[in-house]
Structures are given as structure tokens and as C-alpha cells.
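Asks: The structure under discussion is supplied below as C-alpha cells; questions concerning it will follow.
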Amino acid sequence: MFKPGEAESQSTGQGVPIIFGRAMMLLSKRIVILCAALVIFTLGFRHVNEQNEINLWSSTASKSSTNPYPSPHQDGAPTEDVEDLGAFRRRNIQGFQNTGVPGGAALGHNLTCSTLTHSAEIGVQDSFYLYDDLIEVAAELDGHPMVEYTDGSAGRNGGGSFALADLVTTSWSRLATACTFMPDYGVYLCVSRIIFHPDGHRNRCRMSFLRGQIYSDKWVHLHGHKIVWKEQEITFPKVFDTSSEYKLGGEYYGPEDARIIIEEGVEGAEPVVVFNMITSLSDWKRAMWIFRPFSQTSTILTVKDTERPKKEKNWAPFFVKDLDDPLQDKKVARQPSKHIHFIWRFEPLTILKCQLLTGMCDIVFVQDVDQGLLSTHGDYDGSLRGGTQFLPIPASVTPPSTRDRIFHKQSSPMLQSFVAFPRTHLENAGGCSRAVYRPELVVLTTNTTHFYLSYGSGALDFGPGAIMSEEVLADPCNRGRIMITNSIARWEPNVPMSDGKTSDVMTLTLSVDDATVQVARLSGIWSLIRGLPSMSRYFSQTGHLPEEDFALIEQFGDDDDRELLQSLDPFSRVSAVGWDIRACLEEAALAYVGGHILQVDEAVLQAEAEQAKKLEEEKRQREEEEAAAKKQKEEEEKAKKEKLEEDKAKKLLLPPT
1 MFKPGEAESQ
11 STGQGVPIIF
21 GRAMMLLSKR
31 IVILCAALVI
41 FTLGFRHVNE
51 QNEINLWSST
61 ASKSSTNPYP
71 SPHQDGAPTE
81 DVEDLGAFRR
91 RNIQGFQNTG
101 VPGGAALGHN
111 LTCSTLTHSA
121 EIGVQDSFYL
131 YDDLIEVAAE
141 LDGHPMVEYT
151 DGSAGRNGGG
161 SFALADLVTT
171 SWSRLATACT
181 FMPDYGVYLC
191 VSRIIFHPDG
201 HRNRCRMSFL
211 RGQIYSDKWV
221 HLHGHKIVWK
231 EQEITFPKVF
241 DTSSEYKLGG
251 EYYGPEDARI
261 IIEEGVEGAE
271 PVVVFNMITS
281 LSDWKRAMWI
291 FRPFSQTSTI
301 LTVKDTERPK
311 KEKNWAPFFV
321 KDLDDPLQDK
331 KVARQPSKHI
341 HFIWRFEPLT
351 ILKCQLLTGM
361 CDIVFVQDVD
371 QGLLSTHGDY
381 DGSLRGGTQF
391 LPIPASVTPP
401 STRDRIFHKQ
411 SSPMLQSFVA
421 FPRTHLENAG
431 GCSRAVYRPE
441 LVVLTTNTTH
451 FYLSYGSGAL
461 DFGPGAIMSE
471 EVLADPCNRG
481 RIMITNSIAR
491 WEPNVPMSDG
501 KTSDVMTLTL
511 SVDDATVQVA
521 RLSGIWSLIR
531 GLPSMSRYFS
541 QTGHLPEEDF
551 ALIEQFGDDD
561 DRELLQSLDP
571 FSRVSAVGWD
581 IRACLEEAAL
591 AYVGGHILQV
601 DEAVLQAEAE
611 QAKKLEEEKR
621 QREEEEAAAK
631 KQKEEEEKAK
641 KEKLEEDKAK
651 KLLLPPT
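Per full-length UniProt numbering, residue 1 is the first one in the sequence shown, and the count goes up by one each step.
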């Protein structure tokens with residue numbers, strides 16, 4: 001096992017190429033990186049300033065990157081006010097809400113997705129990019145046994161020489177950044193997957209590492225920032241020791257797909273990082289792990305009474321308040337939970353409850369819908385999978401006081417709702433040869449023992465220009481086919497808007513094609529959820545809710561169904577409709593891709609028709625010109641002939657000389 005040490009030198013600069021001759025090739029490329037880092041450091045290019053730090057990698061990326069997803073803020077420079085990023089443009093969201101009125105054989109009709117449709121608007125602000133200094137990362141990790149460069153890592157300039165920037169660019173990448181705001185410190189903690197791929201192919205990762213960074217609340221990268229936790233001082237940025245194991249010559253080791261979550265309402269809470277990794281503890285199968293970034297502990301997760309599959313991933317974490325929470329006792333501070341919950345799978349909805357200390361997990365809920373309440377939906381190759389963490393939905397957006405934050409004056413433990421952005425994975429959608437990923441907005445409701453989906457949106461792309469350009473969005477089969485929300489970094493209740501009003505604002509981190517790290521802000525998510533009829537009971541609760549009422553929705557549809565529906569258990573009804581919501585959003589995602597492909601096909605056909613029309617017009621003009629030229633030639637020849645005949649006639653009339 002390897003525990004990376006802190007790098008003593010930091011590499012900086014503004015894209016300064018360092019060329020090494022053939023003689024340098026006799027040295028290890030790792031020595032080259034360290035030497036170059038020291039040289040750049042001594043030149044003094046780094047200027048650390050909490051309010052205006054622009055690192056090497058952001059500058060290099062903005063000037064020389066072939067990134068196909070341009071942003072007006074691609075230079076990576078921080079903004080003093082995120083409102084400077086522009087207005088929140090209104091975007092319509094089509095979704096499906098839980099009416100509590102299922103279909104199926106028991107009711108004599110199939111439930112169609114159109115009966116669950118809900119439409120609302122949110123605001124979307126253009127995203128900006130986050131960058132990292134990969135030369136600094138390469139220098140810090142240079143001593144790792146798995147970091148060995150190959151002949152394919154260099155030689156980019158020919159003649160055996162190579163540029164340092166090229167070597168790092170072809171060997172190192174950063175992706176899947178997830179962030180969470182830590183209210184006790186007033187900063188964001190972000191974790192990223194750093195991958196080493198010396199052959200130059202990102203899909204041939206030799207080793208992954210987990211890197212942590214700190215950003216201010218204005219998204220300024222704080223280099224050298226120190227976090228003090230339980231008298232322990234941690235300096236960022238840093239590469240965490242995640243107890244990774246590896247075999248020399250192997251591939252795909254280390255933590256992948258990291259997600260981060262912090263328990264709200266707990267003073268001094270330590271974030272929890274969730275990732276998947278292969279080690280001997282799982283017999284070299286890909287297993288899920290939890291990692292505590294301050295106490296530096298790694299724990300493998302194990303589901304009791306089940307055989308570990310070959311691959312575990314896409315678990316969506318959330319914290320559920322226990323029934324014995326001191327909700328009404330304002331004198332007792334809320335203590336950190338001993339457990340964390342996960343959505344293990346969405347079909348059927350399956351929930352795990354895992355011990356944070358030991359990593360042992362129990363299956364505490366498996367959705368079991370009455371066959372008579374199941375409706376038939378389309379047969380397609382698509383599924384809903386984990387994306388961001390699930391955050392508790394505030395019962396109100398009244399600015400919380402410190403006392404509220406510590407003592408969590410929120411909803412009753414008997415009725416808790418959460419919001420997240422999972423994503424659909426679609427195979428063969430619209431004729432695409434590769435899978436397409438799009439996020440959805442989902443609301444989950446529980447009474448701590450039973451769970452159901454209250455809402456699910458259609459596929460989201462947040463509109464042209466927000467995350468991707470209109471050109472990229474137009475064809476989801478190619479560039480931009482993979483769009484994943486990695487975290488809900490923050491959810492603020494009352495943020496001043498440009499029109500003088502206030503709105504809740506949610507900050508997301510996203511990635512496109514595993515090639516970008518982007519931050520986008522959404523306004524009005526809480527308002528959307530607050531406006532769902534199915535959530536009225538949640539927002540109107542005033543105290544401890546009776547357990548039997550937690551799934552009660554005061555809606556029964558047609559009068560013909562009222563008596564039958566009233567006889568059914570309320571949870572059976574909402575669980576059945578929750579099943580339909582999951583199926584409907586998967587169908588909507590398929591329709592989203594199909595609709596875009598149809599537009600692409602129509603555009604191609606239109607372009608072909610316009611081209612054919614243009615060619616036909618050119619042919620017509622050419623034929624007309626040829627006909628005119630032919631006619632003119634004929635007329636000229638006729639005139640010439642007539643002139644000859646006229647001259648001949650004149651000669652015959654002349655008297656002999």
C-alpha cells in the first residue's frame with residue numbers, strides 16, 4: 001500500500017514548454033517531472049492569492065486545449081460574485097408526480113405517463129469550469145510504484161525529445177469532481193478522481209487517486225488552505241491515502257466515481273466520501289467503500305446475506321434522521337449518525353442501511369408492488385442509476401438561525417423527503433451505437449422504514465449554452481452523449497436575484513464525456529417541489545406525523561375508483577405509482593434521445609433536399625446557359641450563312657469588268 005507524501009515543491013507557470021534532448025531520455029521521466037517542477041517553482045510563477053488564483057492548468061487548458069465544450073469562463077479565473085456569470089434563464093421541466101392513483105388489473109386500466117405529467121419552470125445559469133494543476137499532481141505522485149512512464153508517454157515532438165506539458169497531458173487526467181459545502185468552515189470541499197494512463201488512452205487507466213481541494217464560497221481555489229478538525233490540521237490540496245491496493249503490471253486500481261455527502265444539522269460533521277475500488281478485501285471485485293477525509297479512514301461496504309457481485313457502483317447516499325432524534329428537545333444537540341443509507345438500485349427500489357464504523361449493510365427496504373397495481377410500460381434497454389447524493393428537502397426556506405442549523409428544526413422523522421439528480425443509462429437509444437447518459441431530478445420520501453418516489457423529471461440538459469453548446473446538444477449520439485451530475489454542492493434558501501426577488505439556489509457539479517469539471521447553479525428547485533400536490537402533506541406538517549399517514553395523498557381520481565382506492569393501503573398506492581414514475585422517466589429519456597436523433601435526421605434530410613435543390617437549380621441554369629449559347633451559336637452561324645449568300649448574290653449582280 002502507498003501513502004502519498006506532501007510535495008515539498010509546487011510547479012507553476014503559464015504554459016512554459018521545457019524541451020529535453022536525447023540525453024535527457026536516459027533519465028527517468030519521473031525525474032524530469034520533479035526537476036521541471038523545481039525549476040518552474042524557482043522561477044516564481046506561482047502567485048498565491050485567495051481572491052485571484054489562476055493556476056497553470058487552467059491557463060494551459062484555456063489556451064491550448066481542444067475541449068469541444070467552450071465556456072465564457074474557460075480561463076478558470078474566479079468571479080467575485082457568481083451573479084456575474086449572467087442571469088438565470090427560465091427553463092421548462094416536464095416531470096411525473098406521484099398522484100397516489102395507480103393503474104393495473106385491479107383497477108381495470110393501464111396507467112399512462114400522461115396522467116402523471118407535471119410541468120414547472122426553474123432558472124439555469126451558465127456553467128463555469130474548474131481546473132487543476134496536473135503537473136503539480138504528477139510531481140506529488142511521482143514516487144508511487146505504479147507511476148512509470150512508457151515509450152508511448154513521450155516522443156510527441158519527434159527525435160526523442162518531448163515537452164513536459166505534453167507528457168503530463170497524455171498521461172494524467174482529472175474527472176468526476178464532487179463537492180460539498182461545509183458550513184462550519186464556509187468553504188467547499190471537492191474530491192476528484194485523478195487517473196494515470198501512461199499509454200495516452202484515458203480508458204486504459206493504470207491507477208486512480210483521490211484528490212481533495214478547497215474552494216471559497218465564491219469558487220476561488222484556496223491553495224495551501226488548512227482545515228482544523230478535532231485539533232488535527234489538514235492542508236489542501238492533497239492526495240488522500242485511500243488504502244488502495246494494486247498489482248504491478250495491472251490496471252484499473254484505486255478509487256473511482258467518488259461522491260461526497262455531509263450530514264446536515266450536525267455541528268462539526270465530517271464529510272463522507274463514497275467510491276468503488278478493487279482490492280484483495282473484495283477478492284479483487286469492484287466494491288463500494290466509504291472514506292472519511294479528515295480522519296483518513298477507509299471502510300469497505302458489505303451487504304449482509306448476499307454474494308458480492310463482480311462489480312458494485314452507482315450507490316446513491318443519504319442520511320435518514322432516526323425516529324429517536326431529539327426533534328422537540330432544543331437543549332440536545334444532534335449527534336452524527338452512526339449509519340448512512342443508500343439507494344442500492346431503483347428497480348425495484350432497494351434501500352441499504354450501512355454502519356459507518358464497520359461498513360456492514362442491511363437491506364432495509366425492497367419495493368414489492370402488488371401485481372394488480374402494476375401498469376405496463378415500454379420494453380427498452382435503459383435504467384435509472386445513481387448520480388448525486390440525496391439531500392433533505394427543507395420544510396421552509398426561512399433563513400435558518402445557528403440554533404436551527406445545530407438543532408435541525410426540520411421535518412418530522414416520520415415524513416422525510418430528499419432530492420437528487422440520478423441519471424438514466426440508455427443503450428441503443430434512437431439508434432445510437434453507444435450508451436447515452438442524462439440526469440433527472442428525483443424526489444424520494446420515507447418514514448424511515450418504507451420508501452417511494454414522489455417525483456421524477458424527464459431527461460435534463462439544462463438548455464443550449466448552459467452546460468453544452470446547441471451544436472453539441474443537437475446530437476446526443478456523439479459529443480456530449482455522457483452528461484453526469486456528480487454532486488449537489490450546496491442548496492441555499494434565499495439568494496437575491498437580479499429582479500430584486502429572492503429564490504432558492506442549488507449548485508451542481510457536472511461532467512461531460514468524462515472530460516470536464518463544470519459548476520452550474522439552478523434557481524427554483526425548492527419552489528418546484530413545493531408546488532407538487534403530492535408534497536402538500538410534507539410541507540404542511542406541523543408536528544409528529546402518525547406513521548400510517550406518511551404516504552397519504554388526498555387524491556382518488558375518478559369517482560368510479562374512489563371506493564376501491566380507499567380500500568387500498570396508502571403506501572401500496574404510492575409505491576405502485578412510484579414504480580410508474582421510474583418507468584415514465586426512463587421512457588421520457590428514451591424519447592428525449594429519439595427526439596433529438598429525429599431532429600438530426602430531419603436536419604440531414606433537409607440539408608440533403610436543399611443540396612439536391614441547389615444542384616438541380618445549378619443544372620437548370622447550366623442547361624439554360626448551354627441552350628442559350630447553342631441558340632446564339634446557331635443564330636450566329638445562320639447570320640454568317642445569310643451574309644455569305646447575300647455577298648454571293650451581290651457578286652452575281654455586278655457587271656463584268
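Built from N, CA and C at the ideal position, the CB exists for glycine as well.
Since the structure is predicted, the reported quantities are computational estimates derived from the model, not experimental observations.
Whole angstroms is fine: what's the gap from N494's alpha carbon to I122's?
Replies: Here the question's residue 494 lines up with position 494 in the sequence shown. Here the question's residue 122 lines up with position 122 in the sequence shown. Their backbone Cα atoms lie some 15 Å apart in a straight line.
Asks: For E602, which residues in the same chain have their Cβ closer than 6 Å to its Cβ, ignoring the five residues on either side in sequence?
Replies: Taking the first residue of the sequence shown as 1, we reach residue 602 at position 602. There are no such residues.
Asks: Express the C-alpha separation of E623 and D75 in angstroms, rounding to a whole number.
Replies: Translated into the one-based positions of the sequence shown, residue 75 becomes position 75. Translated into the one-based positions of the sequence shown, residue 623 becomes position 623. Its pLDDT being 38, under 50, D75 is placed unreliably in this model, and the coordinates cannot settle the point.
Asks: Between which two residues does the beta strand (DSSP E) carrying E256 extend?
Replies: Here residue 256 is taken as the residue at index 256 of the sequence shown, counted from 1. Note, E256: beta strand (DSSP E), 256-261.
Asks: Take every Cβ of the segment 377-388, pair it with every Cβ of the segment 418-431, and state whether three or more of those distances are shorter than 8 Å.
Replies: They touch, by the three-pair rule.
Asks: Apart from the five residues just before and just after L43, which ones in its own chain have a Cβ nearer than 6 Å to its Cβ?
Replies: Counting from one through the sequence shown, the residue named residue 43 turns up at place 43. At L43, the pLDDT of 34 sits below 50, so the modelled position is not reliable; the number obtained from the coordinates is stated separately. Excluding positions up to five away in sequence, the list is empty.
Asks: Using beta-carbon positions only, say whether C432 and R479 come within less than 9 Å of one another.
Replies: Start at 1 with the first residue of the sequence shown, and residue 432 comes out as number 432. Start at 1 with the first residue of the sequence shown, and residue 479 comes out as number 479. Not in contact: C432 and R479 (Cβ atoms no closer than 9 Å).
Asks: By a C-beta neighbour count over all protein chains shown, 10 Å radius and 16 as the cutoff for buried, is S243 buried or exposed?
Replies: One-based indexing of the sequence shown puts residue 243 at position 243. Flag for S243 reads buried.
Asks: Measuring alpha carbon to alpha carbon, tell me which residue in I525, R345, Q367 is nearest W315.
Replies: Here the question's residue 315 lines up with position 315 in the sequence shown. It is R345.
Asks: Going straight from the alpha carbon of L248 to that of H144, what length do you get?
Replies: The residue labelled residue 248 in the question sits at position 248 within the sequence shown. The residue labelled residue 144 in the question sits at position 144 within the sequence shown. In a straight line, the C-alpha of L248 is about 11 Å away from that of H144.
Asks: How long is the line joining the alpha carbons of R211 and P237, rounded to whole angstroms?
Replies: Position 211 of the sequence shown, counted from the start, is the residue given in the question as residue 211. Position 237 of the sequence shown, counted from the start, is the residue given in the question as residue 237. When rounded, the distance between both Cα atoms is 7 Å.
Asks: Determine whether the beta carbon atoms of E140 and V272 lie at a separation below 9 Å.
Replies: As a position in the sequence shown, residue 140 is number 140, starting the count at 1. As a position in the sequence shown, residue 272 is number 272, starting the count at 1. No, the Cβ-Cβ distance between E140 and V272 is not below 9 Å.
Asks: Let me know if A629 comes out buried or exposed under the rule of 16 or more other beta-carbons within 10 Å of its beta-carbon.
Replies: As a position in the sequence shown, residue 629 is number 629, starting the count at 1. It is exposed - the Cβ of A629 has fewer than 16 other Cβ atoms within 10 Å.
Asks: Among the residues of its own chain, which have a CB less than 6 Å from the CB of Q606, if the five just before and after it don't count?
Replies: The sequence position of residue 606 within the sequence shown is 606, counting from 1. Same-chain partners within the cutoff: there are none.
Asks: How is the alpha helix (DSSP H) around D580 delimited, first residue to last?
Replies: As a position in the sequence shown, residue 580 is number 580, starting the count at 1. It spans 570-653 - the alpha helix (DSSP H) in which D580 sits, taken as one unbroken run.
Asks: If you run the structure through DSSP and keep just helix, strand and coil, what is L85?
Replies: Against the sequence shown, residue 85 aligns to sequence position 85. Three-state result, L85: helix.
Asks: Is the beta carbon of E267 closer than 9 Å to that of M288?
Replies: In the sequence shown, the residue the question calls residue 288 occupies position 288. In the sequence shown, the residue the question calls residue 267 occupies position 267. Not closer than 9 Å, so no.
Asks: Are the CB atoms of V369 and A589 within a distance shorter than 9 Å?
Replies: In the sequence shown, the residue the question calls residue 589 occupies position 589. In the sequence shown, the residue the question calls residue 369 occupies position 369. No; because the gap between Cβ atoms is not below 9 Å, this pair is not in contact.
Asks: Which residues share a DSSP beta bridge with D362?
Replies: Translated into positions along the sequence shown, residue 362 becomes position 362. D362 pairs with K353.
Asks: Using 10 angstroms around the beta-carbon of E625, count the other beta-carbons present and answer buried if the total reaches 16, otherwise exposed.
Replies: Start at 1 with the first residue of the sequence shown, and residue 625 comes out as number 625. Label assigned to E625: exposed.
Asks: Suppose the cutoff is 6 Å on Cβ atoms and the five residues either side in sequence are ignored; what does the same chain contact list for L327 look like?
Replies: Numbered from 1 along the sequence shown, position 327 holds the residue referred to as residue 327. Only weak support is given to the placement of L327: the predicted model assigns it a pLDDT of 49, under 50, and the value that follows is read from those uncertain coordinates. Closer than 6 Å at the Cβ level, and outside the excluded window around L327, lies no residue.
Asks: What does a CB cutoff of less than 6 Å around V505 pick up in its chain, not counting 5 residues either side in sequence?
Replies: Here residue 505 refers to the residue found at position 505 when the sequence shown is read from its first residue. Hits under 6 Å: E492, V495, R521, S523.
Asks: How about L415 and E264: do their beta carbons lie closer than 9 Å?
Replies: On the sequence shown, residue 415 is found 415 positions in, with the first residue counted as 1. On the sequence shown, residue 264 is found 264 positions in, with the first residue counted as 1. In this structure, E264 does not lie closer than 9 Å to L415 by Cβ.
Asks: With distances taken from CA atoms, which of L508, E610, P255, M182 is nearest S192?
Replies: Within the sequence shown, residue 192 is the residue found at index 192, counting from 1. Selected option, being the one with the closest Cα: P255.
Asks: Can you tell me whether R537 is helix, strand or coil according to DSSP?
Replies: Taking the sequence shown and counting its residues from 1, the one referred to as residue 537 is at position 537. Residue state, collapsed to three classes: helix.
Asks: Would you be able to state if there are at least three C-beta pairs under 8 Å between the segment 101-121 and the segment 441-449?
Replies: The segment 441-449 is not in contact with the segment 101-121.
Asks: For the putative contact between V517 and Y129, defined by C-beta atoms under 8 Å, what is the C-beta separation to the nearest angstrom?
Replies: Looking up residue 517 in the sequence shown gives position 517. Looking up residue 129 in the sequence shown gives position 129. Contact holds; Cβ gap of about 7 Å.
Asks: From S572, V442, T299, pick the residue whose C-alpha is nearest to that of L373; which is it?
Replies: Taking the first residue of the sequence shown as 1, we reach residue 373 at position 373. Checking every option, the nearest Cα to that of L373 belongs to S572.
Asks: From which residue to which residue does the beta strand (DSSP E) around L384 run?
Replies: To locate residue 384, count along the sequence shown from 1; it is residue 384. Where L384 is concerned, the enclosing beta strand (DSSP E) stretches over 382-385.
Asks: To the nearest angstrom, report how far apart Y246 and T279 are at their CA atoms.
Replies: Locating residue 246 in the sequence shown gives position 246, counting from the first residue. Locating residue 279 in the sequence shown gives position 279, counting from the first residue. Rounded to whole angstroms, Y246 to T279 spans 7 Å at the Cα level.
Asks: Would you kindly check if the distance between the Cβ of S295 and the Cβ of K353 is under 9 Å?
Replies: As a first step, residue 353 must be located in the sequence shown, where it is residue number 353. As a first step, residue 295 must be located in the sequence shown, where it is residue number 295. Cβ atoms of K353 and S295: not closer than 9 Å.
Asks: Residues in the same chain with beta-carbon distance under 8 Å from W172, minus the five sequence neighbours each way, listed in chain order, please.
Replies: For this step, residue 172 is matched to residue 172 along the sequence shown. These residues qualify, in order along the chain: L134, V137, A138, I194, I195, F196, H197.
Asks: With a threshold of 16 other CB atoms inside 10 Å of the CB of H201, please say whether the residue is buried or exposed.
Replies: Start at 1 with the first residue of the sequence shown, and residue 201 comes out as number 201. H201 is exposed by the Cβ-count criterion.
Asks: Please return the same chain residues whose Cβ sits closer than 7 Å to the Cβ of A466, not counting the five positions on each side in sequence.
Replies: Start at 1 with the first residue of the sequence shown, and residue 466 comes out as number 466. Around A466: V124, D126, S127, A520.
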